[in-house]
Amino acid sequence: MLYREAGQYKTSYAADQAVFPILQDRVGLAAILLVAFVVIPLAGNSFLLQAVMIPFLVMGLATVGLNLLVGYTGLLSLGTGAFMGVGAFACYKLATLFPGVNILIWVIASGFVAAGVGVLFGLPSLRIKGFYLAVATLAAQFFLSWCFIRVPWLYNYNISASIEVPTRTFLGVPVTGPTATPVTRYLVVLTIVVVMTWLASNLVHGRIGRMWMAVRDMDIAAELIGIKLYRTKLLAFAVSSFYCGVAGAMLAFLWLGAAESESFNINQSFLVLFMVIIGGLGSLTGSFFGAIFIWGLPIVLRNAPGVFGLSITAATVEHITFMTVGVLIIFFLIVEPAGLARLWQIGKQKLRVWPFPY
Amino acid sequence: MNILYQIFIDPFVQMGTAPDLLVQTLWEGLVAGVLYALIALGFVLIFKASGVFNFAQGIMVVFAALTLVGLYDRGVPAFVALGLTIAVMLGLAFVVERLMLRPLVNQPDIILFMATFGLTYILIGLGEMIFGGDPKVMITDALYLPRGAIDVKMLGGFVSLQKIDIAAAIIASIMVAGLAVFFQKTRIGRALRAVADSHKAALSVGISLEQIWVVVWFAAGIVALATGIMWGARSNVSFALEIIALKALPVLILGGFTSIPGAILGGVIIGIGEKLGEFYWGPLLGSGIESWLAYVIALIFLLFRPQGLFGERIIERI
Amino acid sequence: MRMRNLIFSASVACLVGAPVAASQAQAEDTIFVPLLTYRTGPFANSGIPIANGMHDYLDMLNERDGGIGGVKIAVEECETGYKNEKGVECYEALKNKKPVVVNPYSTGITLALIPKASVDHIPVLSMAYGLSASAQGQDFPWIFNPPATYWDGLSMIIKYIAEKEGGFDKLKGKTIGYVYFDGGYGLEPIPLLDQLAKDYGFEVKKYPVPPADMQNQSGLWLNVRRDRPAWMIMWGWGAMNPAAVQEAAKINYPMDHFIGIWWSGSEDDARPAAAGGKGYLSLNFNGVGASYPAMQDIIKYVIEKGKGQTLKHKVGENFYNRGVMNSAIVAEAIRNAQQLTGKKVVNADDVRRGFESLKISAARWKELGLDGFAGPIDVSCTDHNGHHAAYVQQWDGTKWVKTSDWITPMKDKVQPLLDAAAKDYVTKNQPWPKRTEACDKSS
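Written out as structure tokens, the structure is:
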């Protein structure tokens, strides 16, 4: 009833092929953007911004990146953490080598460095598939993790082997470093994520996205119809690593304010992979659903006893969080193996015919 | 020039001048390889029979060891605790089959893989809550496992063989032999092989998939328990152990995902290769290369032989 | 069926999506001391006794004395798992409850919090860990790390080794091995180590232990066997410690030549090696054992009443006592703050001044019920550390035994390096806020 398309006629092919053909979808998207850009900075407190929204957006971007690789191209990669690390360290080196240049330019540029590294470690994908490719990317993950500690040039020979983010400004307002307010950082992260998601959306709805999906579904047939496999796969690695690199640079510069090799270890890779799979393989909205679920659920569980007035020790809350996340992962996989995105789609479908059942 | 000497000549010179250290390194590699192989064995068992890549194998190792030590700490005599732990692993197999495998039957592999991730999280939380996060000492003496080392004088120096490592190698061989006999000679073993070949065909012949899965997860649980005892005896039982399970992946690459002798051989190759590499070439690169050397070895292997040493050749059909 | 699933899943997803800002109702007249602890994860074996010690001592003060100066202390633990992100998240979550001090208990988390603390005005107590250069009070007004820095500790170890070898000149030509946690914590002392190696002519062999391979050190110790260094120094934490001691015992390394920093000195680190661990040395700056009157009070007022975090026989173990010392320092700082400002319910600014005028003499330790527990602590406005002495203890198979006198650090070697490191940090992190807080006369 709410969601009917009745009365919405398309008069051109372009209008018919739009990503959001239904007016209600477009209104909904505008509302979400309004809430994100206006309501949350005004109404949210520092904890919400610093510990919930900024991490969610950063991890969401990384999830989008990995989804492009795993969901759209079917190449299983466990090296996400390492590629994020490459982005972070590249951004740090660029920012300290050229302190005069705007930090946001370096955040984007570090994505290109990560893309290069991604292509390099994606070369085995030309010969290896499936779980075996995952092992190849594991090699990338562990090797790069080792490099982040063993190559002191990367962290400017800091004694602590970690990168401490210098304060940089944008339009006179500090955006990185301890003086940057959560609101400023949140808005910068939000803008970058929105722009890059829009780019990703265009990619997957266009020719390149279709090439990726063809490779995912049946790569031999794709090759037969003329898609160059090596270029497509390497492009997937490059774009995916670009997104992960930018996410990593944002993690170091705009979220934590510091980073070290351990921030980009194998657990980070697994975390992003969880987000992709729970959110839904091959879906951009799913990436964000997955990110909010995997990131937000432990926070809710950790703070829930406090809200309800129960006093449970922090360690027990941690244990219960682990178990609940595990149970919910299995539950969602049983209920809807295609992820939260599919649940969302089913919901929209039901809304279209509501109050009728079908 | 110096670099070339250091890479290609110097390590072999070192091997020649201190042969006892070479033998020691080979022995350490063998022992590590056997332990990796034990973990890989658990993976192979489950993958062969249900096609599930069980990421939770690592945490099952820790959980089994923790249960054993936890029961013993609460006053249960050692071998009774052992029996109870085996019963717990059987119970776990039942629960996993009923609540996780049955609802997800026929789903793509990656979904089942994710489900085992969920299982990992559950076991981590459960294990830490019941037994506490502080590490435990394995009850080596109570289980009559040997302690101490035998120092064999040879080749101008000495090679120290830890008795627990020898015991681990022997127990692993017995287990592999037992599993081989089980698969070849018994009815359930044949049923397992049938299920590994084709689920549908096995069903049509009347083999109960659910029973087979319980059996196979139970077997993997026993292997996990043995692995946990061995690993725990060498160093403490703590949750840091589950990360070592990732090392089983290169072993599986080398040996093939479905081959038991492949897991053993792959484990030994990875173990020896890793230790030799770390010992002789590690200092050149700043050491600590053990963390990624196994994966690079597996990667290089994959580029030339994607199905591993014993795996089935991958045939792609359109 | 699908509809039911759909509604249930949607409601769960909505619950997750709802922003939650936790805030507990807090009584006005309490002082909030959060504890960033880790009782889970691979470092739990080190983190749990320290967390217990910290928590129990503060509980004891609440039970026995009704708090500090009559004001109760509100203690809250936040689980970090020794992970930097979780530490920062805990810090941000607890910031709004007006903590008077933060104890991260992780060098990584401390490094992430140092810039934030100066902006948020919350003192960070990184007792004998964290950034060594933060001893410079002029550059780091909000960071405190008594009683000694890592560089002090390393210099003390080298002094001990020199004494055992018969003099500093005997160090020439010897090899000293350094096995360390491959992260900020273990890398921190290396500049001083290299400097001392150059000055005294000994060679340093470094053996890093990656965090993922903490329990898989056999290859590394094989290298040690090949290189046969005369002495081994360890900078380990968590699961790395017991694994290292066991491996050293396996290769028959002389345990009395194997000495660890104060964070590698838990009973749980040496015990698993059984007889092989006998003789293992470790630096320490607090006492072991539960005979101190304050420890007995903890047992009486907290443990026996069932409010404690730990079992009775664990009271008195080294890391438990370390946690107690941490809380004792925090309590003293709060007391100082109360005296300086005349207020009962002090805030973070006051406690910072309290830290800066921290002076715990031997007589004061006795008053606190911890006679001879630790050396005197003297923090001043410019010196947030004090560079105090530590002693070497030896594992005799069942307990730690003090085996040396109190060793003072090599101030002449350490101080110039600290000054340089502080300057380096400040230049790398421009703009660094200039110190605006005044020095109290008593500090």
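The listed protein sequences derive, respectively, from chains A, B and C. Each residue of the first sequence is one higher than the one before, counting from 1 in our numbering. Each residue of the second sequence is one higher than the one before, counting from 1001 in our numbering. Each residue of the third sequence is one higher than the one before, counting from 2001 in our numbering. All C-beta atoms in this analysis are idealised placements derived from N, C-alpha and C, irrespective of residue type, glycine included.
- Excluding the 5 residues flanking it on each side, A:ILE312 has same chain C-beta neighbours closer than 8 angstroms at PRO305, ILE320, in chain order.
- B:GLY1267 places its beta carbon less than 9 angstroms from that of B:GLY1033.
- The residue from C:ILE2073, C:GLY2087, C:LYS2072 with its alpha-carbon nearest to that of C:GLU2079 is C:GLY2087.
- If you ignore the 5 residues before and after A:MET196, its C-beta comes within less than 7 angstroms of the C-beta of LEU61, TYR243, VAL246, all in its own chain and listed in chain order.
- Within the stretch 1098-1163 of chain B, the complete alpha helix (DSSP H) runs of at least 4 residues fall at 1109-1131.
- In terms of CA proximity to B:LEU1293, C:GLY2219 leads the group C:PRO2146, C:ASP2256, C:HIS2384, C:GLY2219.
- What A:ILE329 touches in chain C, judged by beta-carbon distance under 7 angstroms, is nothing: the nearest beta carbon there is about 12 angstroms away.
- Against chain C, the beta carbon of B:GLY1288 has neighbours under 7 angstroms at ASP2182, PRO2208, PRO2210, listed in chain order.
- For chain A, the residues of the stretch 1245-1256 of chain B that bring a beta carbon within less than 9 angstroms of one of its beta carbons are LEU1246, LEU1249, PRO1250, LEU1252, ILE1253, in chain order.
- Pairwise C-beta distances place the stretch 1210-1218 of chain B in contact with the stretch 1178-1196 of chain B, as three or more of them are shorter than 8 angstroms.
- Going by beta carbons, B:GLY1282 and B:GLY1273 fall outside the 9 angstroms limit.
- Residues are counted here when their Cβ sits less than 8 angstroms from a Cβ of chain B; for the stretch 2394-2417 of chain C the count is zero.
- Neighbours of C:LEU2131 in chain A, taken as residues whose beta carbon is under 9 angstroms from its own, are ILE159, SER160 in chain order.
- Each residue's CA atom was taken as its position, placing C:ASP2029 and C:ASP2065 some 15 angstroms apart.
- About 18 angstroms separates the beta carbon of C:TRP2237 from that of C:TRP2221, a gap too long to meet the 8 angstroms contact definition.
- Beyond the five residues adjoining it in sequence on each side, C:LEU2281 comes within less than 6 angstroms, by CB distance, of ILE2259, VAL2392, GLN2394 in the same chain, given in chain order.
- Chain-order list of chain A residues neighbouring C:LYS2428: THR96, ASN156, ASN158, GLU164, PRO166, by C-beta distance under 9 angstroms.
- Rounded to whole angstroms, the gap between the alpha carbons of C:ALA2270 and C:LYS2097 is 39 angstroms.
- Per DSSP, C:TRP2263 lies in no alpha helix (DSSP H) and is assigned neither H nor E.
- When beta bridges are read from the DSSP output, C:TYR2207 appears opposite C:VAL2179.
- In the DSSP assignment, C:TYR2391 is bridged to C:ASN2284.
- In the structure shown, the three-state DSSP call for A:TRP106 is helix.
- B:GLN1006 sits exposed, since fewer than 16 C-beta atoms from the chains shown fall within 10 Å of its C-beta.
- Here C:TYR2038 has ALA2044, GLY2047, GLU2079, THR2080, GLY2081, TYR2082 as same chain residues with Cβ atoms under 7 angstroms from its own Cβ, once five neighbours each way along the sequence are excluded.
- Interface flag for B:MET1100 against chain A is set, since a Cβ pair is found closer than 9 angstroms.
- Per DSSP, the beta-bridge partners of C:TRP2231 are C:ILE2176.
- Using a C-beta cut-off of 8 angstroms, the stretch 247-262 of chain A makes contact with the stretch 2179-2192 of chain C, since at least three inter-stretch Cβ pairs fall below that distance.
- For A:TRP146, the chain B residues whose Cβ falls inside 8 angstroms of its Cβ are GLY1288, ILE1289, SER1291, TRP1292, in order along the chain.
- Following the DSSP letters along the chain, one finds A:GLU164 inside the beta strand (DSSP E) bounded by residues 162-164.
- Segment contact: the stretch 84-101 of chain A against the stretch 211-226 of chain A, fewer than three CB-CB distances shorter than 8 angstroms; contact not assigned.
- Using a Cβ distance threshold of 9 angstroms, C:PRO2115 and A:GLY248 do not count as a contacting pair.
- Runs of the alpha helix (DSSP H) lying entirely within the stretch 2353-2409 of chain C and spanning at least 4 residues, in chain order: 2362-2367.
- In the DSSP assignment, the residues bridged to C:GLN2136 are C:ASP2383.
- One thing to note: A:LYS348 has its Cβ within 9 angstroms of the Cβ of A:TYR3.
- Sixteen is the threshold: since fewer than 16 other Cβ atoms of the shown chains lie within 10 Å of the Cβ of B:LEU1284, the residue is exposed.
- Taken through DSSP and simplified to helix, strand or coil, A:GLU336 comes out as coil.
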